[in-house]
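Trainee:
Numbering (our numbering), first residue to last: 1314 to 1586.
1. Would you mind working out which of 1377, 1384, 1364 and 1373 sits nearest residue 1256, comparing C-alpha positions?
2. In whole angstroms, what separates the C-alpha of residue 1409 from that of residue 1378?
3. Under the rule that 16 or more other beta-carbon atoms within 10 Å means buried, what is residue 1445, buried or exposed?
4. Could you give the residue range of the alpha helix (DSSP H) that holds residue 1502?
5. Among 1509, 1507 and 1490, which has the Cα closest to the Cα of residue 1515?
6. Provide the residue span of the alpha helix (DSSP H) that contains residue 1373, from first to last.
7. Could you check the C-alpha separation between residue 1426 and residue 1464 for me, to the nearest Å?
8. Quick one: residues in its chain with C-beta nearer than 8 Å to the C-beta of residue 1435, no 5 flanking neighbours on either side, listed in chain order?
9. I'd like to confirm the pairing. Which residues does DSSP put opposite residue 1492 in its beta bridges?
10. Taking C-alpha atoms, which residue in 1432, 1380, 1372 and 1416 lies nearest to residue 1400?
11. Would you grab the beta carbon distance between residue 1373 and residue 1315 for me? Rounded to a whole angstrom, and I think it's under 8 Å.
12. In this structure, how does DSSP classify residue 1328 when only helix, strand and coil are distinguished?
13. Identify whether residue 1576 lies in helix, strand or coil by the three-state DSSP scheme.
14. Quick check on this structure: which residue in 1398, 1332 and 1474 has the alpha carbon closest to the alpha carbon of residue 1504?
15. Measuring straight from C-alpha to C-alpha, what distance separates residue 1422 and residue 1467?
16. Along the chain, where does the alpha helix (DSSP H) containing residue 1405 start, and where does it finish?
17. Take residue 1366 and list the residues in its own chain whose beta-carbon comes closer than 8 Å to its own, dropping the five residues that flank it on each side.
18. Using the Cα positions of residue 1495 and residue 1484, report the straight-line distance between them to the nearest angstrom.
19. So is residue 1430 buried or exposed if we call it buried at 16+ other beta carbons inside 10 Å?
20. When DSSP labels each residue in this structure, what does residue 1476 get in the three-state scheme?
21. Have a look at residue 1327 and residue 1342 and give me their C-alpha separation to the nearest angstrom.
22. Among 1451, 1404 and 1334, whose alpha-carbon lies nearest the alpha-carbon of residue 1375?
23. Locate the beta strand (DSSP E) running through residue 1518, then write down its first and last residues.
24. Under the three-state reduction of DSSP, which class applies to residue 1359: helix, strand or coil?
25. Just verifying my parser: in three-state terms, what is the DSSP assignment at residue 1412?
26. Look at the Cβ atom of residue 1455, then the Cβ atom of residue 1406, and state whether they are nearer than 8 Å.
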């Protein structure tokens, strides 16, 4: 059977988009009924971040472009059909660094959409165990960073730099926003070139170096003492002020949607401007 690989952006919303497309492809190839879920998982359909993929012979490659609507629909389907426990497992697993995480989550969801909320108890299933283990490891690393992150007080902005194995920023954002609601702060993931940015009394958001066009991000250590943090802070907000770069849906996807319903930041604001 032909092997099919869906190559996607190495981001939560990118992988969720590929999972959506994986279901569409599986329906077309195995069920013959558009919109209906096939009742089995085929290992010949894989999902992989395109950045580190090593091309293989006899493999059909499909390039997947990140689509916020598809990612949102995937999230909605998981929460509706599998419940919050499975939802948390999936999102945390996608924050892991394992290259097979998206494929394992895809297999987990194929089974889950047939079984329902009971999928989390199917511990004899290899894919269920894999997703559970990836989720556990990502959550543990996030907890460690909550314990050990130390900020440098620059006067106007609290700044911290981290080098996590997992994509922990979406998992720790809620904690630090709640802990420092009246502070401007930046937590910079040097591995992924991704920053968690919080402006006091406002929502937090994420910025990639490539999106912010921040001075010094190429061959420049933004954590050095000589860096002008005011300039860094201004660069982030100038980048997000450009209309073409405003994408609330994208921010909501990368932002931990699995926490949003319980987040004070998304309820009616209590702070007078």
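Heads up, the beta-carbon is just placed ideally off N, CA and C, and yes, glycines get one too.
All of these numbers come straight from a predicted model, not from anything done at the bench.
Mentor: In short, the structure shows the following:
1. What the structure shows of the chain is the stretch from 1314 to 1586, and residue 1256 is not part of that stretch, so it cannot be assessed.
2. Taking the straight line joining both Cα atoms gives about 21 Å.
3. Taking all protein chains in view, the Cβ of residue 1445 is crowded by 16 or more other Cβ atoms within 10 Å, so the residue is classified as buried.
4. Counted as a single uninterrupted DSSP element, the stretch harbouring residue 1502 is not any alpha helix (DSSP H) but the beta strand (DSSP E) occupying residues 1498 to 1502.
5. Closest option to residue 1515, Cα to Cα, is 1490.
6. DSSP places residue 1373 outside any alpha helix (DSSP H); the residue lies instead in the beta strand (DSSP E), whose first and last residues are 1372 to 1376.
7. Distance between the alpha carbons of residue 1426 and residue 1464: 43 Å.
8. Once the five neighbours on either side are set aside, the close Cβ partners of residue 1435 are 1424, 1428 and 1441.
9. Looking at the DSSP assignment, residue 1492 forms no beta bridge with any residue, so it has no partner.
10. Selection 1432, 1380, 1372 and 1416 evaluated against residue 1400 yields 1432 as nearest (Cα-Cα).
11. At roughly 6 Å, the Cβ-Cβ gap stays under 8 Å, so residue 1373 and residue 1315 are in contact.
12. Look at residue 1328 here: in three-state DSSP terms it is helix.
13. Its pLDDT being 38, under 50, residue 1576 is placed unreliably in this model, and the value from its coordinates should be taken loosely. Three-state DSSP puts residue 1576 in coil, outside helix and strand.
14. Shortest Cα-Cα distance from residue 1504 to any of 1398, 1332 and 1474 involves 1474.
15. Straight-line Cα distance between these residues: approximately 45 Å.
16. Taken as a continuous stretch (DSSP letters only), the alpha helix (DSSP H) holding residue 1405 covers 1381 to 1407.
17. The beta carbon of residue 1366 lies closer than 8 Å to those of 1318 and 1320 in the same chain, with the five residues before and after it left out.
18. Those two C-alpha atoms are separated by around 20 Å.
19. Residue environment: residue 1430 is assigned as exposed (fewer than 16 neighbouring CB atoms within 10 Å of its CB, all protein chains considered).
20. For residue 1476, the secondary structure class from DSSP, reduced to helix, strand or coil, is coil.
21. So the alpha carbons of these two residues sit roughly 22 Å apart.
22. Considering only 1451, 1404 and 1334, the residue with the shortest C-alpha distance to residue 1375 is 1334.
23. It spans 1517 to 1521 - the beta strand (DSSP E) in which residue 1518 sits, taken as one unbroken run.
24. If DSSP states are grouped into helix, strand and coil, residue 1359 belongs with the strands.
25. In the three-state DSSP reduction, residue 1412 falls in the coil class, being neither helix nor strand.
26. In this structure, residue 1406 does not lie closer than 8 Å to residue 1455 by Cβ.
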